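Taking it in order: structure first as structure tokens, then the write-up.
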Amino acid sequence: MKSDLQISQETTLKPIIEVAKTIGIQEDDLELYGKYKAKINFSTINDLKQKSDGQLILVTSINPTPAGEGKSTVTVGLGDALNKIDKKTVIALREPSLGPVMGIKGGAAGGGYAQVLPMEDINLHFTGDMHAITSANNALSAILDNHIHQGNELNIDARRVIWKRVVDLNDRELRKVIVGLGGPIQGVPREDGFDITVASEIMAILCLATNIDDLKLRLARIVVGYTFDRQPVTAGDLKAEGALALLLKDAIKPNLVQTIYGTPAFIHGGPFANIAHGCNSILATHTALKLGDYVVTEAGFGADLGGEKFLDIKVPNLKKAPDAIVIVATVRALKMHGGLQKDQLKTEDLPALKSGFSNLKRHIRNMESYGIPVIVAINEFVSDTEAELALLEELCEDQGVLAKRTSVWENGADGGIELAKAVVHLIDSQPANYRPLYHVEDTIAEKTAAIVKKIYGGKGVTLSNKAEKQIAEFAKNGWDKLPICMAKTQYSFSDDPTLLGAPEEFTLTIREFVPKLGAGFIVALTGDVMTMPGLPKKPAALNMDVTNDGEVIGLF
């Protein structure tokens, strides 16, 4: 079978100007980045505000496993299939991070015959958005440290600086560092650290801002640290928001590309769902909704992370809830949740599948609790047997949910037609009635408990001493009326990545809360989740190269 890269390189792309015209966007509306990539300018985005919204389809999944689920692939394939049945459809996805691309997880451009193109560009530097976010984040670090060095007018306690530097790579060596060494002229020594760029609050701000003015207001609210008398210091106190917005003035504009089938796709923003809110930008989704009758978007990792955050963080900002939710599952992954090892997955095992279905069952229940109709997409693998596929369909039907097989990786749009028809029928026959999981006016403790008990299936929350003190401090500062963004392992409903399936009677440990006032949420760091990943023993980067004529080798 051809690799994703081979399929991508053998596809004849349409000029992006032609792709844009299919959804009513003209050349003057575009800022071109070569022949096949473009950004949408703000005047066009503003002109579209008077148009009504299309139908929004959210694609999420079960908890990921090494067996693979294919959420991005199904998202792209479903969009292509909807267009094939004459439903004017636009896709909205996140941008890949170089960390996973060079690490082990891979990119986020789909796969097989359900890809967004040009795949090489999207998975590497694309239009420079990640670099702009990295530069803005680190500019704030430089301004902050310079302020302390140049007399510290704001009386900032260098021991209580919480703003970290970032780089868009997996680099565990940078998790904790000392800066300012070398004597007085080099700065003030202090402990520091790096996050991966996609974990930066500026990434979240870019994805939630609605225009440049909103971007500036959000940037100004970033808490960078505290004074010696424990008062918060913001980027606005440092008067840094204007310079940061300047660095982001192009990055905030949505990127337009295409699928193998020429379906328009907005690829913009890339927060991880295990350490951030895991959704593409408000501007991209909003623009797509004005241009398509149907919009297919995704949320990172499983429905317990990206799905929950889409519904409790993004929806209130987008002011539009999904009209349907697609949960992607594979027989292989469910058998892993049922106790099998990766090398055992090619053998038919109905008991393991039935046991592992507990994971999907909980995700179905969770997503339905928001009042939105749900359908399951069974992403087929060649090792699946007919008995396994039939059992999975039956188990879903027992929950009152329709399941449709998809083979978009192998068959492209044709492999998603049955799913596409079923999604359209679901939207037409079962109107959504969105209701949030909790009220933002609830206390921080009440909101975290709601997520753990109602979504994860746990019995409660254990707070570290630091977290308990922070709850009181945040309430005093008036920060407690914000949604909660859980930073948690993606592999389990719990904070223990080894507890697969649908664990119960566990408690979730929150070691620290981090205020993200610019983004508009409070991050809860659980278990030992890291905001700077590390590389595996044999990173994917070791297989990558480029020929003398510029052809990419070994990307995926």
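Numbering-wise (the working numbering), the sequence shown opens with residue 1 and increments by one. Every residue gets a Cβ at the ideal spot worked out from N, C-alpha and C, and that includes glycine. Here the structure is a predicted model, which is why all the values come from computation and not from measurement.
What's the C-alpha gap between residue i and residue j?
i           : j           : result
residue 134 : residue 255 : 18 Å
residue 293 : residue 87  : 7 Å
residue 311 : residue 467 : 25 Å
residue 206 : residue 291 : 21 Å
residue 523 : residue 509 : 13 Å
residue 70  : residue 201 : 27 Å
residue 347 : residue 340 : 10 Å
residue 541 : residue 4   : 16 Å
residue 318 : residue 305 : 18 Å
residue 543 : residue 556 : 9 Å
residue 431 : residue 485 : 28 Å
residue 382 : residue 267 : 29 Å
residue 274 : residue 285 : 21 Å
residue 456 : residue 493 : 5 Å
residue 388 : residue 247 : 52 Å
residue 363 : residue 29  : 40 Å
residue 244 : residue 219 : 8 Å
residue 378 : residue 419 : 9 Å
residue 334 : residue 501 : 8 Å
residue 470 : residue 240 : 26 Å
residue 24  : residue 76  : 21 Å
residue 487 : residue 174 : 19 Å
residue 316 : residue 400 : 28 Å
residue 496 : residue 36  : 43 Å
residue 176 : residue 249 : 31 Å
residue 79  : residue 463 : 42 Å
residue 345 : residue 111 : 21 Å
residue 448 : residue 144 : 32 Å
residue 391 : residue 380 : 13 Å
Go ahead and label residue i buried or exposed: buried means 16 or more other beta carbons lie within 10 angstroms of its beta carbon, across all protein chains shown.
i           : result
residue 178 : exposed
residue 439 : exposed
residue 63  : buried
residue 1   : exposed
residue 434 : exposed
residue 123 : buried
residue 142 : exposed
residue 427 : buried
residue 27  : exposed
residue 398 : exposed
residue 39  : buried
residue 314 : buried
residue 425 : exposed
residue 302 : buried
residue 498 : exposed
residue 172 : exposed
residue 6   : exposed
residue 326 : buried
residue 465 : exposed
If you follow the beta strand (DSSP E) that residue i is part of, which residue opens it and which one closes it?
i           : result
residue 406 : 403-406
residue 255 : 255-259
residue 507 : 507-516
residue 173 : Looking at the DSSP string, residue 173 is not in any beta strand (DSSP E), and its letter there is neither H nor E.
residue 98  : First-last for residue 98: 98-102, but that is the alpha helix (DSSP H), not the beta strand (DSSP E).
residue 117 : 114-117
residue 31  : 30-32
residue 525 : 521-526
residue 326 : 324-329
residue 85  : Unbroken run through residue 85: none, as it is neither H nor E.
residue 19  : Unbroken run through residue 19 is the alpha helix (DSSP H), 16-21; no beta strand (DSSP E).
residue 563 : No statement about residue 563 is possible, as the shown extent of the chain runs from 1 to 556 and does not include it.
With respect to the alpha helix (DSSP H) encompassing residue i, which residues constitute its N-terminal and C-terminal limits?
i           : result
residue 42  : 42-47
residue 561 : The structure shown does not extend to residue 561, since the chain is modelled only from 1 through 556, so no value can be given for it.
residue 135 : 129-149
residue 89  : That residue, residue 89, is in no alpha helix (DSSP H); its beta strand (DSSP E) goes 89-93.
residue 399 : Neither: residue 399 is in no alpha helix (DSSP H) and is coded neither H nor E.
residue 178 : Not the alpha helix (DSSP H): residue 178 falls in the beta strand (DSSP E), residues 177-179.
residue 7   : 4-10
Closer than 7 Å to a non-hydrogen atom of the ligand FAD - does that hold for the CB of residue i?
i           : result
residue 241 : As presented, the structure is devoid of all ligands, the ligand FAD included, so that no description of it is given.
Runs of 3 residues minimum, wholly inside the segment 437-484: which ones carry the beta strand (DSSP E) assignment? As far as the segment 437-484 is concerned, its whole beta strand (DSSP E) runs of at least 3 residues are 460-463.
Starting from the N-terminal side, write out each stretch of the beta strand (DSSP E) that is 3 residues or longer and does not extend beyond the segment 226-296. Within the segment 226-296, the complete beta strand (DSSP E) runs of at least 3 residues are 232-234, 255-259, 264-267.
Completely contained alpha helix (DSSP H) runs for the segment 334-379, where each covers 4 or more residues: With a minimum length of 4 residues, the continuous alpha helix (DSSP H) runs that stay inside the segment 334-379 are 350-368.
At what residue ranges does the segment 182-233 contain a whole run of the alpha helix (DSSP H), taking only runs of 4 or more? Taking only runs of at least 4 residues, the alpha helix (DSSP H) segments lying wholly in the segment 182-233 are 201-208, 212-220.
Tell me, please, whether the segment 41-59 touches the segment 224-239 by the rule of three or more beta-carbon pairs shorter than 8 Å. In this structure the segment 41-59 does not touch the segment 224-239; the number of beta carbon pairs closer than 8 Å is below three.
Does the structure place the segment 151-161 close enough to the segment 179-190 that three or more beta carbon pairs sit under 8 Å? Result yes; three or more Cβ-Cβ pairs closer than 8 Å.
Sufficient close CB pairs (3 or more, under 8 Å) joining the segment 475-482 to the segment 439-451: Flag = yes, the segment 475-482 and the segment 439-451 touch.
Is the number of C-beta pairs between the segment 44-53 and the segment 214-232 that are closer than 8 Å three or more? Judged by Cβ distances under 8 Å, the segment 44-53 makes no contact with the segment 214-232, as fewer than three pairs qualify.
Taking contact to mean 3 or more Cβ pairs, one atom from each stretch, closer than 8 Å, check whether the segment 13-29 and the segment 104-116 are in contact. Contact between the segment 13-29 and the segment 104-116 is not established, with fewer than three Cβ pairs separated by less than 8 Å.
Using 8 Å as the Cβ pair cut-off and three pairs as the minimum, do the segment 115-130 and the segment 91-99 touch? The segment 115-130, when compared against the segment 91-99, does touch it at the 8 Å Cβ threshold.
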